[in-house]
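See below for the structure under consideration.
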Amino acid sequence: MHLLRNKPAYVKLLIALMVFTLLLPLNINTTPAFAADSAVVNEDFSTYPLGPLTIGSGNNWTKEGTAPVVEVVNDSTANQNYAAISHDLTGSSYFGQRFAPQTGGMILQFDLNMPTSKGGTFWVMEGKVNATNAAVTRMVMDGGAFKLHNGPTLVTYDTTHWYRFTMIYNIPQKKYALTILDLTTGDTVTSNESFYSARERISSFGFFTNAGGGRYNLANVKVTALDLALQNIRLSAGDFIPSFSFDPTINNYNIELPYSSDNLTVTPTASNADGVSLKVGDSTVESGSSVTVPISGSSSSVAVKVASNAYPDVARTYAINVNKLDKAPIVTDLAAEGRDGKVLIGWKAPIDPAYQGVNIYTVTEDGSETLAAAAPKGTYMAAVDGLNNGTEYTFYVKGVYEYEGEEPSESAPVTIAAKPQLLPARQMEDLGRGLVAIGQDGHVFLSWRLLGTEPDNLGFNVYRDRVKINSAPVMNSTNYIDEEGTADSSYYVRAVVNGAEQGPSETARPWNTNYLNVPLDKPADGVTSAGEAYAYRANDASVGDLDGDGDYEVVLKWDPSNSKDNSQSGITGNTYLDAYQMDGTRLWRIDMGPNIRSGAHYLHPMVYDLDGDGKAEIAARTADGTIDGTGAVIGDASADYRNSGGYVLEGPEYFTIFEGTTGKALATEDYDPPRGNIGDWGDTYGNRIDRFGAAIAYLDGQRPSLILQRGYYTRMVLVAYNWRDGELSKLWKYDSPAKAYGQGNHQLSVADVDNDGKDEVITGNSAINEDGTLLWSTNLGHGDAMHLGDLNPSHLGLELWTMHEETGAPYSATMIDARTGKPLYGQPQVGADTGRGLSADVDPRYEGEESWAIDATKSGATESNLNGFMFNSEGEKISTLIPTSNFAIWWDGDLSRELLDHDWNGATGNGVPKIDKWDYESNQLVRLETFNGTSSNNGTKGNPSLQADLIGDWREEVVVRTEDSSSLRIYSTTDVTDQKLRTLMHDPIYRLGIAWQNTGYNQPPHTGFYLGNGMETPEAPNIYVVDTTAPATTDNAPSGWMNHDVTVQLTANDAVSGVAATYYALDGGAKQKGTSIQVTEDGVHTLVYWSEDHEGNVEAAHTVTIQMDKTAPVLSVTLDKTELWPANHKLVNVNAGVEGTDHTSGIASIVLTSITSNEPLAEGANADIQGADFGTLDLLFNLRAEHSGEGDGRTYTITYTAVDKAGNVTENSVIVAVPHDQSDKKKIAG
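Numbered by mature numbering (1 follows the signal peptide of the UniProt record, and there is no 0), the letters in the sequence shown go through residues -35 to -1, 1 to 1195 in order.
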């Protein structure tokens, strides 16, 4: 076998002349075939080492299905390499390349030898290398013949010959010229063909090799693009510049001109100015020059044609479709939402320069109008207030215009009706304060939650070691820097309401890093039945309050190292679900068993409080052999339904509700939808039938329901359930109708998009109503990513930014009005699977969020691809350089959102999570954080285990696994912010986003309000929390004995549903309702009290004792001497006898209080009173037998004081006399 380069020169010339002669039907001149433009594929296999070629490793080749064997061989005679391709196994096998989509002209060429009669089929397509309905060429190369599908044989090939295939594609005209040249004989066959299927672009080719022995040899593969693109088109109509984002790959554009415009000036600039000719309409124009085209009528089209100078019949045409507006045009895209006592109305402003704003009128039944609101130009929403709930109102919306030389005028009215309504509140989690303390740089950073049920103006006091450390309540944020804090400090915060402190939060001690380490119990390694060893790694996670204590627990999925994508065959290890408290305490483990295959699409556990008991349940798909958290087996413990490829395509399927606290299976039902006919889901080998999804939605607007999904590529079925009062009930089943067939993504999103208070389920490009009916379908097909939220604050309602895999869709990425499904703007189709995109406010120069998608025609079409298309919220393309397209996260202190991605290491197959900020001025990423020592999940997808506002203020935490999966790390920001927002976990859309975050291809959560630069303070969410906590009641009862009447005040608090009543019982008496209790009687009294809240939670009774003694003690005093005689100046010992009694509280103390005399007493060494220890119970003292000699003699008064335990006091005094003489003894004694 020899290649062309070994032929004599005259043979080469003859063959070349034959090629160009035979291509004359396309009027191709004698310019060399590849004179134009650039090669987008150029493979002669000379750069590869001889021997096996690993597809995709250091080369641009790719495969679909079973990889063929590819050997790089050297033809020693020709000294040229070629690829020998074979497929001796079973199954379909494709080998080919993708390249930048071509929309103009293209030349494809390759050399081929068929070594046997068994070959395959060659495909040229848009998008994939395997056979699809996007093929433009389908050529059979098998059984000794080359022929187009269902066509006659073009060449009967010789297995010893090489053949050169040349195809010149005129893509706009959907035609191509085919030449097959026998490089041995010089024989040539040529044919002019139409596309196998009508496609707008070409971006791939693939060789299908027949199973069981198909072979071919391939060399000199080259794809050359004929550059027929415009670099730019500038448009103007006088002073008016139409809104117009040009993309060289897009052929059709629609613009609007005001009624005063009579012409359009078009200035095209060619990318390959020297190689093409330009026409605008019928006028030839040089590149960069202008042509003015008259515009007449309400609509017209201007064609800009770019033709190849080398191949004049190969040309492309850009069409500019012009819609000329009427004078004073009506406003468009009108929408209305009824709120509590008001109606919001939104619109799209006309482009007419005379437009000044809108007037909104209420219209009565008799047609009379009353001006209700006026909005100036530059605003796109207005509120009509003071309306009655439940009453439907009709409004006229009229544009206001001021034309030069004319009085102001109004457009014709556009009518819209809406009904103000107070929507019911939604059940949400009763969260604690979530206080976190992080030690850093010699201080402690503190952060805590503002709950969704709390007012904006709530203040907080901060306590360290039980001492308040802030001088005034923290009002403008929910974080604080304590410069004096240490690693040993202990903190709590108290809310301040109207100057009064509330109860303390939970206590927090400082972390010594910016992450909390959660130890994990890693499952043991395993070995499959085929002898393949595998280990476990922590994978995706979710959170819920499993035990009702107001703190989140983590539910973690363990993924075996041999887990598989659905497209891959192979036996996998079992998947496990674990529940952990934040300190690493494992609550339970669920073994999903052998019949739940391990991989990203097989298991999507929902963690949510489904029944409103304040504790989250877990809902998951199960099967025979699943073991719950208590060790109980579901179904047949010995069943194993895996086939030889590892797929589970038979046997029963279930789903189970598990108890959050124990992992116990509470209810198990057959999984609906069942498998049915496997082929209905998109293939027959087990890939697309097992594409599952799950979500939580408030279908009744008040309480959560469970959504289960099967399929999204073709057939898509969703089923809704309630789990309430211990019963599982099916609500509805949605089986995709024709217009919603294949409109599913790799994930779900949930929100109330039509403002009826009840959630819709967004499948990607369709929306399912709360009753299981189709709300809308865009028919844009399947996609890999979507983002739902209030992305544009100037547009009434929610928006959906979604990326498309289907290259037949008019857009590669689309911004959709989530209420109606109407596309608002998007990136016109680029001809490649646009698998990544994101929406976030990363550029404060523009209002609202920026939305971007990768340019999948560039190399490295992954989350980290920085080539793409970025739009502002109004649909203006502002950049072709983009941030990463993985996760967006609120991390630092401003209102812009940051980017969470990973540094991917292809050699190790791991990524290190990181956070970047987008430098919008230089269009590049700036690194903020690298989470060294941790790994991202799911290969190149690079997602964290979870991203959510788990603790602290409104900013988000990152949950990632350590490199060895020995623990999870929960990273939290330490940046100070002055932005005060409620916890995002009390925003209904965001909280549901945490529930579905890890369904399929992981996506970041978004809020139901616009959160970004220039945002308005969001309204409090319309929620109520599940109150499972009883009130807390305290008393002011005194401790110890009291000697007066007591009034005990009871104070009860319940921050959730409120205190309904407080009850008490005194001394075993009847239960009474009240908070003030009087106690007046002596004795020991027992007071029992408790409170109940409005949810019926009853507090455990408190018991307090009140001790009352208002009666003074009894005190008796006796002396052994009451008279000292004779008065001989000597000291005499006196002994006292003292006895006190108190039958209620008891004697606390008896003391000698004083000894006094009616005469002056000597002091000092010769004192008349000696040995008396006052203030103690001194019963022995000395008195001098002495008197002054005057009067009747001396008397000593000895006083003792008794005090009982209630503080009642009794004094008792006795007298000792020293008579003047014997006759005075009776006088003194008397």
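In this text, a Cβ means the ideal position worked out from N, Cα and C, and glycines have one as well.
Return the chain-ordered list of same chain residues with a C-beta closer than 6 Å to the C-beta of THR(-5), the five sequence neighbours on each side being excluded. In this predicted model, THR(-5) has a pLDDT of only 34, less than 50, meaning its place in the structure is not dependable enough to derive any value.
Can you confirm whether the stretch 214 to 228 touches the stretch 99 to 106 when touching is taken to mean that 3 or more C-beta pairs between the two stretches lie within less than 8 Å? Judged by Cβ distances under 8 Å, the stretch 99 to 106 makes no contact with the stretch 214 to 228, as fewer than three pairs qualify.
Given a threshold of 16 other Cβ atoms within 10 Å of its Cβ, counted over all protein chains shown, does VAL492 qualify as buried or as exposed? Exposure of VAL492 is indicated by the presence of fewer than 16 other C-beta atoms within 10 angstroms of its C-beta.
Return yes when the Cβ of TYR480 is within less than 8 Å of the Cβ of LEU411, no when it is not. Against a cut-off of 8 Å, the Cβ pair of TYR480 and LEU411 comes out as no contact.
Can you give the beta carbon distance from ASP9 to ALA184, rounded, assuming they're within the 8 Å contact cut? With a Cβ gap of about 7 Å, ASP9 and ALA184 count as contacting.
Taking 7 Å as the limit between beta carbons, can you name the residues of its chain near ASN482, skipping five residues before and five after? Around ASN482: SER932, ARG934.
Can you look up LYS704 in the DSSP assignment and give me helix, strand or coil? Secondary structure of LYS704 (DSSP, three-state): helix.
First through last residue of the alpha helix (DSSP H) which encompasses ILE959: ILE959 -> alpha helix (DSSP H) spans 953 to 961.
Looking only at C-alpha atoms, which of LEU73, HIS760, MET835, ALA348 sits nearest to LEU143? In terms of CA proximity to LEU143, LEU73 leads the group LEU73, HIS760, MET835, ALA348.
C-alpha gap between GLU1128 and VAL1103, whole angstroms: Taking the Cα positions, GLU1128 is about 27 Å away from VAL1103.
To which residues of the same chain is ILE1180 closer than 8 Å at the C-beta, ignoring the five residues directly before and after it? Closer than 8 Å at the Cβ level, and outside the excluded window around ILE1180, lie THR1087, THR1160, TYR1161, THR1162, ILE1163.
As a quick exercise: from SER901, ASP1010, HIS711, pick the residue whose alpha carbon is nearest that of ASN504. Of the candidates SER901, ASP1010, HIS711, the one whose C-alpha sits nearest the C-alpha of ASN504 is SER901.
By a C-beta neighbour count over all protein chains shown, 10 Å radius and 16 as the cutoff for buried, is THR155 buried or exposed? THR155 is classed as buried because its beta carbon has at least 16 other beta carbons within 10 Å across all chains shown.
Give the straight-line distance between the Cα atoms of LEU(-10) and ALA685, rounded to the nearest whole angstrom. Only weak support exists for where LEU(-10) lies, its pLDDT of 29 falling under 50; the value from the coordinates is given anyway. Distance between the alpha carbons of LEU(-10) and ALA685 is about 59 Å.
Which residue's Cα is closest to the Cα of GLU922: HIS747, GLN712, GLN794, ALA506? Nearest of HIS747, GLN712, GLN794, ALA506 to GLU922, Cα basis: ALA506.
Just tell me which of ILE220, ILE198, ILE206 has its CA closest to the CA of ASP212. Closest by alpha carbon: ILE198.
Along the beta strand (DSSP E) that carries GLU302, what are the first and last residues, could you check? That run of the beta strand (DSSP E) goes 297 to 304.
Within the stretch 1107 to 1173, note down every full beta strand (DSSP E) run reaching 3 residues or more, in order along the chain. Fully enclosed beta strand (DSSP E) runs of 3 or longer: 1112 to 1122, 1145 to 1149, 1158 to 1169.
From the DSSP secondary-structure annotation, give me the bridge partner or partners of GLN405. Note: GLN405 sits in a beta bridge opposite HIS408.
Considering only DSSP beta bridges, list what GLY364 is partnered with. Beta bridge pairing from DSSP links GLY364 with VAL323.
Identity of the residue in ASP395, TRP413, ASN354 nearest LYS384 by Cα: Measuring from the Cα of LYS384, the nearest candidate turns out to be ASN354.
Are VAL126 and ASP147 close, meaning C-beta to C-beta below 8 Å? Going by the sequence as given, residue 126 is His instead of Val. Annotated as proximal: HIS126 and ASP147, with beta-carbon spacing under 8 Å.
TRP1090 - DSSP class collapsed to helix/strand/coil: Three-state result, TRP1090: coil.
Measure from the C-beta of ILE935 to each C-beta in chain D and report whether the shortest distance is under 8 Å. The structure shown contains no chain D, having only a single protein chain.
Where does ALA272 fall in DSSP's three states? Correct three-state label for ALA272: strand.
For GLU357, count neighbouring Cβ atoms within 10 angstroms of its own Cβ and tell me buried if that reaches 16, exposed if not. Exposed, since its Cβ has fewer than 16 Cβ neighbours within 10 Å.
Using 8 Å for Cβ pairs, my map puts ASN426 next to VAL461. What's the rounded Cβ distance? So it is a contact: roughly 6 Å between Cβ atoms.
Less than 8 Å separating the beta-carbons of MET768 and GLY796? Taking 8 Å as the Cβ cut-off, MET768 and GLY796 do not qualify as a contacting pair.
Coarse secondary structure for GLY179, derived from DSSP in three states: Reduced to three states, the DSSP call for GLY179 is strand.
Identity of the residue in ASN324, HIS1108, VAL1082 nearest ASN1100 by Cα: Restricting attention to ASN324, HIS1108, VAL1082, the CA atom closest to the CA of ASN1100 is found in VAL1082.
Please report the straight-line C-alpha distance between LEU(-13) and MET132, rounded to a whole angstrom. Low confidence applies here, because LEU(-13) scores a pLDDT of 33, under 50, leaving its location unreliable and the question unanswered by this model.
Any heavy atom of the ligand FMN closer than 7 Å to the beta-carbon of PRO559? The ligand FMN is not among the ligands present in this structure, which contains no ligands whatsoever.
Among residues of its own chain, excluding the 5 on either side of SER1178, which ones have a beta-carbon nearer than 7 Å to its beta-carbon? Closer than 7 Å at Cβ, skipping near neighbours: THR1162, ILE1163, THR1164.
Is VAL449 buried or exposed, if buried means 16 or more other CB atoms sit within 10 Å of its CB? Checking the sequence shown, residue 449 turns out to be Glu, not Val. With fewer than 16 other Cβ atoms within 10 Å, it is exposed.
Among PRO207, ALA705, THR234, whose alpha-carbon lies nearest the alpha-carbon of LEU222? Ranking the options by Cα distance to LEU222, first place goes to PRO207.
Those residues which DSSP pairs with TRP688 across a bridge: BP columns for TRP688 point to LEU693.
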